[in-house]
Amino acid sequence: MSKTVLELRNITKIFPGVKALDNVDFVVKEGEIHALMGENGAGKSTLIKIITGVHKQNEGKMFVNGKEVSFNSPRDAFNAGINVVHQERNLFPTFTVAGNIMIEHYTDKMIKKINQREINRAAEKYIEMVGLNVPPDKSVESLSAGQQQLIEIAKALSSNAKIILLDEPTSSISVNEAEMLLNLIKKLRDQGISFIFVSHKIEEVLGLADTVTVLRDGKNVRSADGEISSPIKDMTREELITRMVGRTKEFQSLEMRDFDKSDVVLEAKELRSVDSPKPKSFKLRKGELLGWYGLVGAGRTEFARAIIGYDPILGGELYINGQKVKEKGIDRIQNKHKIYYLSENRKEEGLFLDHNIKSNITSSVLKKMRGFLFFLSPKKEQETAEMFRKELQIKTPSLKQYVRNLSGGNQQKVALSKGLAVDPDILIIDEPTVGIDVKTKAEIHRIMYDITEKGKSVICITSDMPELVQIADRIIVFRDGRIAGELINDKDYDHMSKEIMNLIMA
Amino acid sequence: MKKALSKPSGNNALSVLRKGVSMLIKYDIATISIIFAILLAIFIATSNPMRLGFSLTSVSKDVAIFAIVGMAQMATLAVGQFNLAVGAIGGASAMVCGYLINLPTAGNMDVEKYVQAEIGLALPWVVGLLAGLAVGLLLGVLQGWLITKTKINPFIISLALISVIHGLNMGITQNIYFRKLPKGFTDINNITIPKATADVGQKTTFGFPLVFLITIVIMLVVWLIYNRTALGRKMLATGVSKRAADFAGIDSNKYIICAHALSGLLCALGGMFTASKLSAAQTSTGDNWLLYSFAAPILGGTLLNGGKVAIIGSMIGAGIMTIITTVLAVLKLDAFTHQIFIGGILLLAFILNRGRESLSKQQDRALLEAQESADGVHVEG
Amino acid sequence: MKNTQKPAAVEKKKFTFNNTMGILLVIIVFSLLIWTRSKEFISVDNFITVMRNCSVTILVGFGQMVVMAGGGLNVSIGSIGGLAAVIVGAMIQRVGLPWELAIVIALLIGACCGAFNGILITSLGSTSEISWLVTLASMSIFAGITLTITKANPFYNLPKGYTWIGTYNIFGFLPFMIIVTLVVAVLLWYMFKYMSLGQQILAIGANQRAAALSGINVQRVIIIKHILSAVIAACAGILFSTRLGSIHSDIGGDWMLFSFAAPLIGGSRMEGGRVNIVGAFLGGLLLAMVSNAVVHLKVNVYIVEFLEGVIILLAVGLDRIRGLREEHRERMERARI
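Protein chains in written order, with the numbering used here: chain W, 6 to 511; chain C, 16 to 396; chain B, 913 to 1249.
This is the structure in structure tokens:
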């Protein structure tokens, strides 16, 4: 039995209003490639943050090589031999390759003399280990994303990391570089290094990992035998996905509605943009709740952003209510075509955290808030905000509360109010219920349904399968930046989840 | 599954004290108003009662200018930026205005010498005023445009513009000053309501200088803009988060330019008020504005990273700065020690500001947690 | 495992026109242009004058460059320079110390000013906005202290040894002043290239978060870099006064702008992470030459200030265009994946 290098037991982590991890166990062995999987909001990133010392657990213990540890900062995790290669690069762009790899070694003392040649030579060893083919004195800025990632791995190796965490390692690199990377990981694993990697790419996980642990709703998903992790050789694609998305029959589905004869309110023809380069086409009908499903990274958000005008369109055409969209810029398209997008990144893009609830809700409809002359009417603002507070049941002692202080669920409701205040014909909601408690989730579903009953159309981008099947009338499945298929939702969970998975896996 | 969060239990007296202190720090306006009132009291108490009226009148004239300059900086702070060229823009506007309204004297037009300018168009002072405002507006728009279009570090652009604008100003005017300004213009500074007396040997009386009253009006206008217009609201939104503004359908670049335009406008006003006060338009106008332009808003509670403006606070902040400067003079401290005090006050104001921010964040978090424990924490997906 | 073949656009040879070569070219072209209008521009006497002028300008630029390298800024450079000069004057004339000792004391006081800045900035959060505000305030404080010491009376009659520094020309044509600057340049070059401290400063400028995660004591390094900056500023102030022959409180009053100009023109990044010492040197030289040319050509002397601003915008603008092209290329590459 090989040695256990990392062990987490009974880990619980609570944030205000949300229990991100509930009694989670996680065990990694020496010389193992261990995949950590789960959908958006499952708790993966929280677990990673605890392992890497960014957060501290509320309950539970952590052991490295059998010894109990307690991390108060990322530095502590680092000193314990745990290294992270994040999705976003953490390099010094103006430094050389060798400079980045060996940074720890020459910045420990102030007056230390730096011998460039020695650093370059020492770095070469690690450059070679990761299979990179660049000179050590090359500037990191000019390298590709994949190469930069390899440098971060080389950096981890140079500090004798025994456990390397990779967060979505192949999400922004080319196919060839991804292959190189995966081979490298296997090679290093054979040398005794353990890898924990988080990835949404099922094929990648099946091809690379030795073991997999799945989280859902902040808890471990156990195998039939009750194990928290399973060897990959015992896993199939189906089993893996089932563990990730679950199989529940415990909710009320909404009635099926027929939209065949309805008007087309939005039509995209071979639309593409810089961030959504593969051409895609689809139609949206009046009163419809269209679900966009896909695993994280499938390209749905990028496509939505092309539609609303955040990213300039490179090719193809977009028609809203029969009119071709020629305008550029979110503000113009939003005003002219009555389409609103609610970002998945609530905190940075969806809300003005340092403004109060009232200001947030009215921020997109200030034109309608005018009273005397062109001045804003506080009364109208109050009325509008109050209306939404009641309708969406926003829980707050006062509308003057800063949005920053609200819980995730209430924040989302404010964001939703903001979008609804515009009275759009088309509403695109990106990940509406991530990080939100069950009760509020149901409320938001009801709200979305009600909107469509009033004749508006909603596109709901979600990675939550049960949510999708519960509310969507029709489902478009995305895979690898393309539309893999379209399905009419018959609200039968077993049936739909199978169909959707087929499209995802095909 | 409910998890009860334990409420902090504390010794009653200590928690009351803590609450009191934090309330004091939190309610910005209240705190600085108290400070201002205390300083004013000290000023009145230590003044020669005969000269008191005159002193107060003179102080309010200075407060007016500091307040305008402070609001000019506040306008750019609102969108999360700095306007380093406040002085340069103010000086340029003053000179343009001065040139237009200056009375030319016949005779030798030797502009090589550093002499009182003998040139000028002698236009009505309203024209000069409008022209000055236009210059300020245009320069502000230029700055905003450069920042949003070129995406060069805004600090560098603002810094370089100081040189460009000031250099142009000096170069074109050759550092002459316009001294024959029309009475209507200088009246802005001189008229007081009710009429103050300043005769030597008699008890001086106080009167609100016109420039001060105009500044109050401007302050109200600015308050209206930020609190009651879409323009102001959108500028503040852009200041909180440019990206969130973009997604909310707010053209953030346009509003950044608006902020700079407003700033330029106020700088121009400040420059012309100064010219009115000195009865001369000089290129040195604005040379010492930079520090004061930050001190007033920060004392007032404006945040450095944008999204919030404290208009009344800035005015009170300007008041505090002016009184301290005047008190220092009265106490017969070196004019030089002023510099040390002003710098120290800016630092203190900034430190207080930061303290306020982190304290209020703590408080709000506690409030939220208390609310959450009342509702019950839910298991989430 | 070879990398895949790069698309043709990337294969094209990169435009090697970097800042250093660019400025050198501009300097040469500029010199020739001015020489055609005014023959004395290229002469031994003028060379001496320009060398003397630029020695201070470049030093001031170095002082700012050190702080910029770490992602911050220091607008109190001028007042630290003025304070140092005034302290020398006071030590010599009021306390009666030998000028060598006076210089040492002035440098030490400069270091204290730097420590003051650094400690305040790091305790308030270490961002560039905070640097701006703190050093804006300290600029005023130091200026006030300077004025209080001099009470607006300059110090005259400085000892011969002191003024020798500012007036002596080695071999008759190379001012000693520029040697001082060159020494500082070499020391800085050594520090940034061969010392851990220099690399740490640059790392913080390149990516502060990554630097902290890499074990660098960010606070300590920031304080040290401000101390360094202040000492260099003090040097500049003292150097300037050795030439003048008198010390007055105005020294350093207008340094704020060109402290940024030389490094920015020279290619140092405002956000930090990269310095170009030769570039800053040449940038300072160019600025000094422009001021000098203006005198020779008998044009409006105020045009220098205007030009300074324009040159900064051009230099940084060109840099930005280069950066934009890179960004564009990257985005297009990603779109093809």
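Backbone N, C-alpha and C define an ideal beta-carbon position, used for all residues, glycine too.
Reduced DSSP category for residue i - H, G, I as helix; E, B as strand; rest coil
i: Leu-220 of chain W; result: strand
i: Asn-1204 of chain B; result: helix
i: Ile-449 of chain W; result: helix
i: Met-240 of chain W; result: coil
i: His-1138 of chain B; result: helix
i: Ile-4 of chain C; result: Since the first residue shown for chain C is 16 and the last is 396, residue 4 of chain C is missing from the structure and cannot be characterised.
i: Asn-63 of chain C; result: coil
i: Asp-435 of chain W; result: strand
i: Gln-328 of chain W; result: strand
i: Pro-398 of chain C; result: Outside the shown range of chain C, which is 16 to 396, sits residue 398 of chain C, and nothing can be said about it.
i: Ile-156 of chain W; result: helix
i: Glu-354 of chain W; result: helix
i: Phe-76 of chain W; result: coil
Through-space distance from residue j to residue i, alpha-carbon basis
i: Met-67 of chain W; j: Lys-118 of chain W; result: 39 Å
i: Val-126 of chain C; j: Lys-1210 of chain B; result: Residue confidence is low: Val-126 of chain C scores 49 on pLDDT, short of 50, so the model does not pin down where it sits. No coordinate-derived value is stated.
i: Phe-1218 of chain B; j: Leu-374 of chain C; result: 45 Å
i: Asn-28 of chain W; j: Arg-451 of chain W; result: 31 Å
i: Tyr-346 of chain W; j: Thr-457 of chain W; result: 16 Å
i: Asn-1069 of chain B; j: Ile-355 of chain C; result: 28 Å
i: Trp-1167 of chain B; j: Gly-990 of chain B; result: 5 Å
i: Ile-16 of chain W; j: Asp-30 of chain W; result: 6 Å
i: Met-86 of chain C; j: Leu-115 of chain C; result: 26 Å
i: Gly-1110 of chain B; j: Ile-1134 of chain B; result: 11 Å
i: Ser-30 of chain C; j: Leu-1036 of chain B; result: 26 Å
i: Ala-364 of chain C; j: Ala-310 of chain C; result: 7 Å
i: Arg-421 of chain C; j: Met-110 of chain C; result: Limits of chain C in this structure are 16 at one end and 396 at the other, which puts residue 421 of chain C out of reach.
Residue from the options with nearest C-alpha to residue i
i: Ile-1090 of chain B; options: B:Thr-948, B:Arg-1243, B:Val-962; result: B:Val-962
i: Asp-268 of chain W; options: W:Pro-236, W:Gly-460, W:Leu-213, W:Gln-416; result: W:Gly-460
i: Asp-195 of chain W; options: W:Lys-167, W:Ser-204, W:Glu-182, W:Asn-181; result: W:Lys-167
i: Glu-209 of chain W; options: W:Glu-448, W:Lys-331, W:Ile-38; result: W:Ile-38
i: Ser-308 of chain C; options: B:Ala-1049, B:Ile-1061, B:Thr-948; result: B:Ala-1049
i: Ala-1076 of chain B; options: B:Asn-1119, B:Thr-1154, B:Tyr-1106; result: Sequence check: residue 1076 of chain B is Trp here, not Ala. The shortest Cα separation from Trp-1076 of chain B among B:Asn-1119, B:Thr-1154, B:Tyr-1106 belongs to B:Thr-1154.
i: Gly-332 of chain C; options: C:Ala-79, C:Ala-263, C:Ala-100; result: C:Ala-79
i: Gln-475 of chain W; options: W:Phe-287, W:Lys-446, W:Leu-404; result: W:Lys-446
i: Asn-326 of chain W; options: W:Ile-431, W:Gly-104, W:Lys-283; result: W:Ile-431
i: Gln-153 of chain W; options: W:Ala-229, W:Asp-478, W:Arg-94; result: W:Arg-94
i: Leu-995 of chain B; options: B:Ile-1163, B:Ile-1215, B:Gly-1184; result: B:Ile-1163
i: Phe-1028 of chain B; options: B:Val-1213, B:Ile-1139, B:Ser-1038; result: B:Ile-1139
i: Leu-96 of chain W; options: W:Gly-48, W:Arg-242, W:Ala-161, W:Gly-314; result: W:Ala-161
Any C-beta of chain E under 9 Å from that of residue i
i: Phe-309 of chain C; result: Here the protein chains are W, C and B, and chain E is not one of them.
Exposure of residue i, with buried meaning 16 or more beta-carbon neighbours within 10 Å
i: Cys-1025 of chain B; result: buried
i: Phe-515 of chain W; result: No answer is possible for residue 515 of chain W: it lies beyond the span of chain W, which begins at 6 and ends at 511.
i: Arg-305 of chain W; result: buried
i: Thr-61 of chain C; result: exposed
i: Gln-217 of chain C; result: exposed
i: Val-419 of chain W; result: buried
i: Leu-136 of chain C; result: exposed
i: Lys-395 of chain W; result: exposed
The stretch 1215-1232 of chain B: positions lying closer than 9 Å to chain C by Cβ:
For the stretch 1215-1232 of chain B, the residues whose beta carbon sits under 9 Å from a beta carbon of chain C are, in order, Ile-1215, Val-1216, Glu-1217, Phe-1218, Leu-1219, Glu-1220, Gly-1221, Val-1222, Ile-1223, Ile-1224, Leu-1225, Val-1228, Gly-1229, Asp-1231, Arg-1232.
Scan the stretch 278-306 of chain C for residues whose Cβ lies nearer than 8 Å to a Cβ of chain B and list them as they occur along the chain.
Residues are counted here when their Cβ sits less than 8 Å from a Cβ of chain B; for the stretch 278-306 of chain C these are Leu-305, Leu-306, given in chain order.
For the stretch 175-186 of chain C, which residues have a beta carbon sitting closer than 7 Å to at least one beta carbon of chain B?
For the stretch 175-186 of chain C, which is checked against every Cβ of chain B, the residues closer than 7 Å are Ala-175, Leu-176, Ile-177, Ser-178, Val-179, His-181, Gly-182, Leu-183, Met-185, Gly-186.
Along the stretch 252-270 of chain C, where does the CB come closer than 7 Å to a CB of chain W? Name the residues.
Residues Ala-252, Val-255, Ser-256, Arg-258, Ala-259, Asp-261, Phe-262, Ala-263, Gly-264, Ile-265, Asp-266.
According to a CB-to-CB cut-off of less than 8 Å, which residues of the stretch 86-99 of chain C neighbour chain B?
Only Phe-97 from the stretch 86-99 of chain C bring a Cβ to less than 8 Å from some Cβ of chain B.
Select from the stretch 1120-1145 of chain B all residues with a C-beta closer than 7 Å to any C-beta belonging to chain C, and list them in chain order.
Cβ contacts with chain C: none found.
Residues in the stretch 109-125 of chain W with C-beta within 9 Å of chain B's C-beta atoms, listed in sequence order?
Listed in sequence order: Glu-109, Tyr-111, Thr-112, Asp-113, Lys-114, Met-115, Ile-116, Lys-117, Lys-118, Ile-119, Asn-120, Gln-121.
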